[in-house]
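Participant:
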Amino acid sequence: MNEKSTIKVLKECTDNNLNDLNELFKLFDKPRKLDITIVNDMLSNKETIVVVAVRDQKVVGMCTVAAYYTLTGKQGVFEHFAIDRSNQGTGLADKMFNFAVERAKKMGVTRLMWTSRPSKEKANAFYRKRLVPAPTNVYKYDLK
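Just so you know, we're using the numbering used here here: the sequence shown kicks off at 202 and counts up by one.
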């Protein structure tokens, strides 16, 4: 299936690809409905990209890479990595991961951080093959 897929950076969010992204968001524990204005605002930021896999004009995979500066250099986070169920296990995730890492390097990112819920066993198995566990805890503070 993934032979026909194209990996690229999403340049503009349209109604069609917004619907596809929303379908992919249903794979997460707490799916949210995306807002086209917010997505396009994010896409206009040169420090944030959305990598997508497209097959037959449909987005079948996605990943966000957001870069930011710290006192020790430019770092980045991976967010919302998802492949639709019909493309899981086909090698498409590897292609998307490698593409996203190369794009992060071109953005000047020196370290990427990635989090995943422990309940996502298949996803964590994929990450453990490619990433090194960080000796840290992750905390959040909701501002809204």
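Glycine residues also receive a C-beta, built at the ideal position from the N, C-alpha and C atoms.
Predicted, not measured: the structure shown is a model, and the values here were computed from it.
Got a sec, what are the start and stop residues for the alpha helix (DSSP H) V302 sits in?
Facilitator: Counting along the chain, the alpha helix (DSSP H) containing V302 begins and ends at L293 to K307.
Participant: Using the C-alpha atoms, what's the distance from N325 back to L313?
Facilitator: Cα to Cα, L313 sits roughly 16 Å from N325.
Participant: Whose C-alpha, out of H281, K321, D257 and L219, is nearest the C-alpha of M263?
Facilitator: Selected option, being the one with the closest Cα: H281.
Participant: Could you check what DSSP says for E322 in three-state terms: helix, strand or coil?
Facilitator: E322: helix per DSSP, three-state reduction.
Participant: For R329, which of helix, strand or coil comes out of DSSP?
Facilitator: Helix.
Participant: Determine the extent of the alpha helix (DSSP H) in which L244 is found, giving its start and end residues.
Facilitator: It spans I237 to L244 - the alpha helix (DSSP H) in which L244 sits, taken as one unbroken run.
Participant: Run through the DSSP bridge pairs and tell me what Q258 is partnered with.
Facilitator: Paired residue(s): none; Q258 is not in a bridge.
Participant: Leaving out five residues on either side along the sequence, give the residues of the same chain with a beta carbon under 8 Å from the beta carbon of N203.
Facilitator: With a pLDDT of only 45 at N203, under 50, the local geometry of the prediction cannot be trusted, and the value read off the model is given with reservation. Closer than 8 Å at Cβ, skipping near neighbours: A254, R256, N288, T291, G292, L293 and K296.
Participant: Based on the DSSP output, what are the partners of L344 in its beta bridges?
Facilitator: DSSP output for L344 lists no bridge partner at all.
Participant: Do F226 and L235 have their CB atoms nearer than 8 Å?
Facilitator: Taking 8 Å as the Cβ cut-off, F226 and L235 qualify as a contacting pair.
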